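Asks: Sharing a structure here in structure tokens format.
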Amino acid sequence: MKARSGVAAILALAVAGTPLAAAEPCRFDHAVYGEPESGYTLRFMPLDPARATSAGTLHVFEIVRPRRDKPLSGEIIGNNGVTRPHGFASLDCPPEGADDDCIYWDGVVYALGDRSAALLPRGDEPAPEVLLLSDFGRQIRYEDPDFDIGSDPLPWDVFAFKSCAP
Amino acid sequence: MRGMGMAWVIGAGLMAGPAAAEEACRLTDAVYGQADGYALAFAAPGAGAIAGTSQDFTLSGPRLGAPLTGAVIWNNGFSRPNGFLTHDCPPDADEEELAACTLWEGVLYAVSGGGIDLLPEAADAPAPEQILLPDLGRTLRYSALPFAEALDGPPWDVFTLEACRK
């Protein structure tokens, strides 16, 4: 009897939708992240196959930079076998394919939770609170040909959830 | 939401946990582990270490055979703690030989309940709760290790503080 009423309560929650459920978590593919020191912003967006460069593309995003007109293109790719979500930031890659000149950063991306680092969720799952783009800042510093040490803010590798795009 | 994220990002730098206040294990005495038996053991750099080395470490595990040897090295300029893991490097290896016997390289991050930071450089730095070696598991699985294909369960990229050797 007790067990049955428990199940009924769970079902009721699922069907009725509670106030908690109404504040829906942001889907990862709508999440916006910021790096407060530099003002760099990551804008994730739903995966459009036309924008993906690889069959293994898991996520696409833009990297908006202070005082720069053009955002960098971001993409996270997974592979078969033992795999990690591998991120790339690029600018103006030729249509026939990326080369070293147009790739500004590449590295594994981790979701940081309460206690530890984990692999990324899918695009339709809730957005992680914090993302680590491994070695992002240093690579931007050395790979962006227009980077001005004197005036350009240097991004750190950790981005915090900021808002949810509609 | 945003406030929480930012606290997460800067928290590590500001807060010293109660554990750290009681008896902090130095990073160079610390041993980190994973459930499946992989372990990272840190030590102060040996006498022959190249300039900029902040720590030596080894990676041992049930399927690895002899432990892999590693070091954390900071370079000049805008620097990161660069980790290297090697296997059977010849003594006094030249650059080409070093490249051939290096299995993994990447930036080491310190992860704790309060946030994420670079692995500390100071000789007396306290051991962080966890250490992240980006892309470690995948890299070893597809490395030139003679037994790499046997690493069906390669290490995960995060190790948790388990013991202090002093």
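Residue numbers (my numbering), protein chains in the order written: chain A, 1 to 166; chain B, 1 to 166.
By construction, the Cβ of each residue, glycine as well, lies at the ideal position given by its N, Cα and C atoms.
None of these values were measured; they are calculated from a predicted model.
(1) Thinking A/Ala89 and A/Leu112 are a contact (beta carbons under 8 Å), I'd like their distance in whole angstroms, please.
(2) Once the 5 residues before and after A/Asp48 are set aside, which same chain residues still bring their CB inside 6 Å of it?
(3) Out of A/Pro155, A/Pro94 and A/Leu119, state which residue places its alpha-carbon closest to the alpha-carbon of A/Glu129.
(4) Below 6 Å CB to CB, which residues in the same chain sit around B/Val158 once its five sequence neighbours on both sides are set aside?
(5) Can you pull the chain B neighbours of A/Thr41, defined as C-beta to C-beta under 9 Å?
(6) With A/Phe28 and A/Pro121 assumed to form a contact (beta carbons below 8 Å), what rounded beta-carbon distance in angstroms separates them?
(7) So does the segment 67-85 of chain B actually touch the segment 104-112 of chain B, counting three or more Cβ pairs closer than 8 Å?
(8) As an exercise, report each continuous beta strand (DSSP E) stretch of at least 3 residues that is fully enclosed by the segment 56-123 of chain A, in chain order.
(9) What residue from A/Trp156, A/Asp69, A/Arg68 and A/Gly87 has the CA that sits closest to A/Ile169's CA?
(10) Taking Cβ positions only, does B/Tyr109 come closer than 8 Å to chain A?
(11) Any chance the segment 141-151 of chain B sits against the segment 41-54 of chain B, with 3 or more Cβ pairs inside 8 Å?
(12) Would you kindly work out how many angstroms separate the C-alpha atoms of A/Ser38 and B/Gly114, rounded to a whole number?
(13) Going along chain A, which residues have a C-beta under 7 Å from B/Asp135?
(14) Buried or exposed for B/Arg165, going by 16 or more other Cβ atoms inside 10 Å?
(15) Where does B/Leu108 fall in DSSP's three states?
(16) Just checking: is the beta-carbon of A/Ala9 within a distance shorter than 8 Å of some beta-carbon in chain B?
Replies: In short:
(1) For this step, residue 89 of chain A is matched to residue 89 along the first sequence. For this step, residue 112 of chain A is matched to residue 112 along the first sequence. In fact, because the Cβ distance is near 19 Å, the residues do not count as touching under 8 Å.
(2) Position 48 of the first sequence, counting from 1, holds the residue named residue 48 of chain A. Excluding residues within five positions, none has a Cβ falling inside 6 Å.
(3) Residue 129 of chain A sits at position 129 when you count from the first residue of the first sequence. A/Glu129 has its Cα closest to that of A/Leu119, out of A/Pro155, A/Pro94 and A/Leu119.
(4) Residue 158 of chain B sits at position 158 when you count from the first residue of the second sequence. Same-chain partners within the cutoff: Gln130 and Leu132.
(5) Sequence index remark: in the first sequence, residue 41 of chain A carries index 41 (1-based). Within chain B, no C-beta atom comes less than 9 Å from the C-beta of A/Thr41; the nearest is roughly 12 Å away.
(6) Residue numbering aside, residue 28 of chain A sits at position 28 when the first sequence is read from its first letter. Residue numbering aside, residue 121 of chain A sits at position 121 when the first sequence is read from its first letter. Right, the Cβ-Cβ distance comes to about 5 Å (below 8 Å), so this counts as a contact.
(7) Judged by Cβ distances under 8 Å, the segment 67-85 of chain B makes contact with the segment 104-112 of chain B, as three or more pairs qualify.
(8) The beta strand (DSSP E) runs of length 3 or more contained entirely in the segment 56-123 of chain A are, from start to end of the chain, 57-64, 72-77, 86-90 and 103-112.
(9) As shown, chain A starts at 1 and ends at 166. That puts residue 169 of chain A outside it, with no answer to give.
(10) For the purposes of this step, residue 109 of chain B is taken as residue 109 along the second sequence, with counting starting at 1. Interface with chain A (8 Å Cβ-Cβ cutoff): B/Tyr109 is included.
(11) Between the segment 141-151 of chain B and the segment 41-54 of chain B there are fewer than three inter-stretch CB-CB distances shorter than 8 Å, so the stretches are not counted as touching.
(12) Counting from 1 along the first sequence, the entry for residue 38 of chain A is found at position 38. Counting from 1 along the second sequence, the entry for residue 114 of chain B is found at position 114. C-alpha separation (whole angstroms): 21 Å.
(13) The residue you call residue 135 of chain B lines up with position 135 of the second sequence. Proximity of chain A to B/Asp135 at the Cβ level (cut-off 7 Å) is accounted for by Arg84 and Val108, in chain order.
(14) Taking the first residue of the second sequence as position 1, residue 165 of chain B is located at position 165. Under this definition B/Arg165 is an exposed residue.
(15) In the second sequence, residue 108 of chain B corresponds to position 108, counting from 1. Three-state DSSP puts B/Leu108 in coil, outside helix and strand.
(16) Mapped onto the first sequence, residue 9 of chain A falls at position 9. Residue placement at A/Ala9 is flagged as unreliable, the pLDDT there being 43, under the threshold of 50; a coordinate-derived value is accordingly withheld.
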